[in-house]
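If you read the sequences in order, they're chains A and B.
Counting in our numbering, the first sequence tops out at residue 104, every number present.
Counting in our numbering, the second sequence tops out at residue 468, every number present.
Heads up: the structure comes next, in structure tokens.
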Amino acid sequence: MNEVPLEHILIVSTALFFIGMYGLFTRRNMITMLMSVELMLNSVNINFVAFNKYLYPEHLDGIFFSLFIITIAAAEAAVAIAIIINLYRSHRSIDVDDAAEMKF
Amino acid sequence: MMLNNMLSLLRQELVLSVLIFLLLFIKLGKDRSQASLSVIVNIALLINLLAGLWNMGEGELFSGMFHTNATIVFEKSILNLAVLLISMQSYSWLKSHDQVIEFYLLLFTSLLGMQFMISSGNMLMFYLGLEMSTIPLAAAANFDLTNRRSSEAAMKLIISSAFASGILLMGISFIYGTTGTLLFDALPSKLTGNPLQMFAFILFISGFAFKISAVPFHLWTADVYEGAPVAVTSFLSVVSKGAVIFVFVSVLYKVFQPLSHAWYLIISVLSVATILVGNLFALRQDNLKRFLAFSSIAQVGFILIGILSGDHQGAVSVIYFILIYVFSNLAAFGVISLVSALTGKEQITDYKHFYKTNPLLAWVLTIALFSLAGVPPTAGFFGKFFLLTAGASKGNYLLIAVAALNMVISFFYYLKVVKAMFMDENETPIEKLEIPAVSKLALYICVAGIILVGLASVVYEHINSLSI
Numbered sequence: 001m002n003e004v005p006l007e008h009i010l011i012v013s014t015a016l017f018f019i020g021m022y023g024l025f026t027r028r029n030m031i032t033m034l035m036s037v038e039l040m041l042n043s044v045n046i047n048f049v050a051f052n053k054y055l056y057p058e059h060l061d062g063i064f065f066s067l068f069i070i071t072i073a074a075a076e077a078a079v080a081i082a083i084i085i086n087l088y089r090s091h092r093s094i095d096v097d098d099a100a101e102m103k104f
Numbered sequence: 001m002m003l004n005n006m007l008s009l010l011r012q013e014l015v016l017s018v019l020i021f022l023l024l025f026i027k028l029g030k031d032r033s034q035a036s037l038s039v040i041v042n043i044a045l046l047i048n049l050l051a052g053l054w055n056m057g058e059g060e061l062f063s064g065m066f067h068t069n070a071t072i073v074f075e076k077s078i079l080n081l082a083v084l085l086i087s088m089q090s091y092s093w094l095k096s097h098d099q100v101i102e103f104y105l106l107l108f109t110s111l112l113g114m115q116f117m118i119s120s121g122n123m124l125m126f127y128l129g130l131e132m133s134t135i136p137l138a139a140a141a142n143f144d145l146t147n148r149r150s151s152e153a154a155m156k157l158i159i160s161s162a163f164a165s166g167i168l169l170m171g172i173s174f175i176y177g178t179t180g181t182l183l184f185d186a187l188p189s190k191l192t193g194n195p196l197q198m199f200a201f202i203l204f205i206s207g208f209a210f211k212i213s214a215v216p217f218h219l220w221t222a223d224v225y226e227g228a229p230v231a232v233t234s235f236l237s238v239v240s241k242g243a244v245i246f247v248f249v250s251v252l253y254k255v256f257q258p259l260s261h262a263w264y265l266i267i268s269v270l271s272v273a274t275i276l277v278g279n280l281f282a283l284r285q286d287n288l289k290r291f292l293a294f295s296s297i298a299q300v301g302f303i304l305i306g307i308l309s310g311d312h313q314g315a316v317s318v319i320y321f322i323l324i325y326v327f328s329n330l331a332a333f334g335v336i337s338l339v340s341a342l343t344g345k346e347q348i349t350d351y352k353h354f355y356k357t358n359p360l361l362a363w364v365l366t367i368a369l370f371s372l373a374g375v376p377p378t379a380g381f382f383g384k385f386f387l388l389t390a391g392a393s394k395g396n397y398l399l400i401a402v403a404a405l406n407m408v409i410s411f412f413y414y415l416k417v418v419k420a421m422f423m424d425e426n427e428t429p430i431e432k433l434e435i436p437a438v439s440k441l442a443l444y445i446c447v448a449g450i451i452l453v454g455l456a457s458v459v460y461e462h463i464n465s466l467s468i
């Protein structure tokens with residue numbers, strides 16, 4: 001079976017990264033924004049695993065790095081959702097445009 | 001032998017970890033009076049600070065993940081000192097609060113993350129430290145649970161910092177892809193400056209610029225500083241920023257030395273933009289916390305100019321400036337936090353005729369603002385002077401001239417606050433405040449620091465003697 005070349009994987013991960021960035025900038029719902037950030041972090045995971053497997057298979061640096069990213073992303077999401085829930089209690093909305101008291 | 005080594009090299013982190021676990025156990029037990037708890041925590045912080053001054057060991061642990069030397073210990077001691085001062089200043093705010101233990105837990109976890117970040121010798125360790133320092137801070141920014149602005153600030157902080165770490169990670173992943181290593185020691189010899197590496201490097205610097213809030217990555221700063229409780233704001237603006245700048249200096253000087261021609265250009269553009277935008281926006285603020293947020297953005301611009309020099313002189317001037325910045329910014333925030341805790345007032349117009357009723361606080365705030373602006377007898381002048389001298393060593397005099405001119409602009413808005421306190425008439429000034437002894441002591445330490453660090457050359461010579 002032919003292996004998938006590294007370039008293809010990098011194209012996928014880069015596309016995923018910028019889709020995440022686009023989502024973060026255009027979406028107004030906080031949960032969706034959080035999902036977009038997770039998408040960016042996951043594209044980094046793909047990068048690390050692919051580089052590790054294709055270019056430097058003798059050490060497992062990249063794979064371990066992606067394991068830690070998954071863990072930290074979970075912690076980050078937990079805190080972010082707690083904050084969003086608390087914000088919902090006072091604002092009755094999770095739209096970022098409603099949470100814009102402070103400007104300039 | 002191994003254990004001994006670990007105990008002496010990791011002593012600052014170990015004291016903090018023990019403190020965190022101790023607080024968790026106290027939390028499990030029966031309720032204790034908040035005031036006695038604050039005293040206990042402050043004493044423990046003092047022990048932690050002293051732990052840094054004793055036995056300057058050098059070495060590395062966990063196969064290069066963690067390394068330490070006299071400079072790193074000194075940088076950690078600066079952060080410990082800042083946290084001790086913040087904890088003393090927030091005494092009157094915490095006294096009325098139910099969740100004192102949670103507040104300290106979040107702050108100490110964040111501080112622990114920063115210490116690991118400063119000591120990191122590997123990209124993985126660096127990233128873990130960075131996240132460990134950011135995530136608890138977002139929770140701490142939401143500490144006033146019922147305050148709308150507090151939750152808004154926390155939301156802005158967590159989403160923008162998650163975005164920043166995403167960008168930073170993308171940079172790290174490409175650096176790993178092009179070099180095959182994550183160790184700081186092994187990286188410089190493998191950096192060639194090919195296009196993918198440059199792309200990775202720009203992503204990496206953007207992530208950093210987010211954390212130190214350099215323009216154009218500063219948009220979250222003012223909102224978060226305004227919305228968060230004052231104690232958290234002072235932590236964010238002093239400790240968190242200081243820690244990231246320490247790492248920034250060592251990463252740029254050691255790891256990315258082969259790319260110094262590239263970062264010289266990037267940092268010079270960033271520094272000019274940061275100083276200009278920070279100053280111009282500070283002019284139009286009337287909330288004191290927001291005002292100090294933009295002033296701290298401008299200060300970061302000056303620090304970036306010091307970083308430009310790229311040699312030992314630059315690193316020394318940056319560490320020296322951060323030490324001064326700790327004292328001057330915490331003196332200003334100390335006064336604001338007292339006034340905000342006791343009266344809830346944070347606008348500049350509220351401070352009109354402040355001198356009449358609270359001469360001590362007015363003088364402390366004045367000295368702090370003079371030091372931030374860089375008026376000669378205070379330490380702020382010497383800090384800025386050394387930063388600009390270090391930046392000028394590369395011969396980019398136009399940049400230095402722009403920075404020096406911006407110091408003149410900054411005089412206007414710093415003195416505007418001083419004028420409001422001393423000269424403006426006001427029928428209902430802030431009433432005379434009862435200052436707790438602990439907070440008063442913290443303010444005295446800050447003022448003593450502002451005056452002595454500049455005049456006593458021992459401090460600068462000590463930093464100068466450290467190997468960076």
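We put the CB at the ideal spot given by N, CA and C, even for glycine.
(message) To be precise: take each residue of the segment 78-95 of chain A, compare its Cβ to all Cβ atoms of chain B, and keep it if any distance is under 7 Å. Which residues remain?
(response) Val79, Ala80, Ile83, Ile84, Asn86, Leu87, Ser90, His91
(message) On the DSSP letters alone, give me the boundaries of the beta strand (DSSP E) that Glu7 of chain A sits inside.
(response) No beta strand (DSSP E) holds Glu7 of chain A; the alpha helix (DSSP H) holding it covers 6-26.
(message) Strictly below 9 Å CB to CB, what residues from chain B border Asn47 of chain A?
(response) Leu169, Met170, Ser173, Phe174, Tyr176, Gly177
(request) Compare the C-alpha of Asp311 of chain B against each of B:Ile324, B:Ser295, B:Leu387 and name the closest. (result) B:Leu387
(message) Assuming Glu60 of chain B is part of the beta strand (DSSP E), what are its boundary residues?
(response) 59-61
(message) I need the straight-line Cα distance from Ala262 of chain B to Asn194 of chain B, nearest angstrom please.
(response) 12 Å
(message) Just to confirm, is the Cβ distance from Glu58 of chain B to Phe66 of chain B under 8 Å?
(response) Their beta carbons are not under 8 Å apart, which means Glu58 of chain B does not touch Phe66 of chain B by this criterion.
(request) Could you give the DSSP three-state label for Gln99 of chain B: helix, strand or coil? (result) coil
(request) Please name the residue in B:Tyr104, B:Thr357, B:Ile47, B:Met114 whose C-alpha comes closest to that of Pro429 of chain B. (result) B:Thr357
(message) Using beta carbons (cut-off 8 Å, strictly below), is Glu152 of chain B in contact with chain A?
(response) yes
(message) Taking 8 Å as the threshold (beta carbon to beta carbon), is Val12 of chain A in contact with chain B?
(response) no
(message) Run through chain A and tell me which residues come within less than 7 Å of Phe163 of chain B, C-beta to C-beta.
(response) Leu24, Val37
(message) Here's the rule: buried if 16 or more other CB atoms are within 10 angstroms of the residue's CB, otherwise exposed. What is Thr134 of chain B?
(response) buried
(message) For Leu510 of chain B, which residues in the same chain have their Cβ closer than 7 Å to its Cβ, ignoring the five residues on either side in sequence?
(response) Beyond the ends of chain B as shown, which are 1 and 468, falls residue 510 of chain B; an answer cannot be given.
(request) Indicate the three-state DSSP secondary structure (helix, strand or coil) for Phe217 of chain B in the structure shown. (result) coil
(request) Quick one: list the residues of chain B neighbouring Ala99 of chain A, beta-carbon separation under 9 Å, in chain order. (result) Per Cβ cutoff of 9 Å: Arg148, Ser151, Glu152, Met155, Lys156.
(message) Using C-beta distances below 7 Å, list every residue in its chain close to Lys211 of chain B, excluding the 5 sequence neighbours before and after it, in chain order.
(response) Ala164, Val244
(message) Can you confirm whether the segment 205-225 of chain B touches the segment 290-299 of chain B when touching is taken to mean that 3 or more C-beta pairs between the two stretches lie within less than 8 Å?
(response) Yes, the segment 290-299 of chain B touches the segment 205-225 of chain B.
(request) Could you run through the segment 206-226 of chain B and flag, in chain order, every residue whose CB is less than 8 Å away from some CB of chain A? (result) Answer in chain order: Ala222, Asp223, Glu226.
(message) Among the candidates B:Ile40, B:Asn279, B:Ala139, B:Phe248, whose CA atom is the shortest distance from the CA of Ala404 of chain B?
(response) Here the closest residue by C-alpha is B:Asn279.
(request) Can you tell me which of the three DSSP states Asp95 of chain A falls into? (result) strand
(request) Decide if Trp93 of chain B is buried, meaning its Cβ has at least 16 other Cβ atoms within 10 Å, or exposed. (result) buried
(request) Show which residues of chain A have a CB atom less than 8 Å away from the CB atom of Glu131 of chain B. (result) From the beta-carbon of Glu131 of chain B, the residues of chain A found nearer than 8 Å are Ile72, Ala75, Glu76.
(message) Measuring alpha carbon to alpha carbon, tell me which residue in B:Phe333, B:Met170, B:Asn287 is nearest Tyr413 of chain B.
(response) B:Asn287
(request) For Phe411 of chain B, name the three-state secondary structure that DSSP assigns. (result) helix
(request) Determine the burial state of Pro136 of chain B: buried for a count of at least 16 other Cβ atoms within 10 Å of its Cβ, exposed for fewer. (result) Buried, because 16 or more other Cβ atoms sit within 10 Å of the Cβ of Pro136 of chain B.
(message) Three Cβ pairs or more, each shorter than 8 Å: is that satisfied between the segment 144-158 of chain B and the segment 111-126 of chain B?
(response) no
(request) Can you tell me the Cβ-Cβ gap for Leu330 of chain B and Ser240 of chain B, rounded? I've got them flagged as a contact below 8 Å. (result) In this structure, Leu330 of chain B and Ser240 of chain B do not form a Cβ contact; the two beta carbons are roughly 13 Å apart against a cut-off of 8 Å.
(message) What does the Cβ neighbour count give for Asn47 of chain A, buried or exposed, with the cut at 16 atoms within 10 Å?
(response) buried
(request) Tell whether a beta-carbon distance below 8 Å holds between Ile319 of chain B and Thr378 of chain B. (result) Cβ atoms of Ile319 of chain B and Thr378 of chain B: not closer than 8 Å.
(request) Evaluate Tyr91 of chain B with the Cβ neighbour count: other Cβ atoms within 10 Å of its Cβ, from every protein chain shown; 16 or more gives buried, anything less gives exposed. (result) Here Tyr91 of chain B is buried, its C-beta having at least 16 other C-beta atoms within 10 Å.
(request) Count the other CB atoms, across all protein chains shown, that sit within 10 Å of the CB of Ser467 of chain B; report buried if there are 16 or more and exposed otherwise. (result) exposed
(request) Would you please verify whether the beta carbon of Pro65 of chain A is less than 8 Å from any beta carbon of chain B? (result) Just to set this straight, residue 65 of chain A is Phe in the shown sequence, not Pro. Yes, Phe65 of chain A counts as interfacial toward chain B.
(request) Would you kindly work out how many angstroms separate the C-alpha atoms of Leu55 of chain A and Phe64 of chain A, rounded to a whole number? (result) 15 Å
(request) Under the assumption that Met21 of chain A contacts Arg27 of chain A (Cβ atoms under 8 Å), give the Cβ distance between them as a whole number of angstroms. (result) Cβ atoms of Met21 of chain A and Arg27 of chain A stay farther apart than 8 Å, at about 11 Å.
(request) Would you kindly work out how many angstroms separate the C-alpha atoms of Asp98 of chain B and Ser17 of chain B, rounded to a whole number? (result) 23 Å
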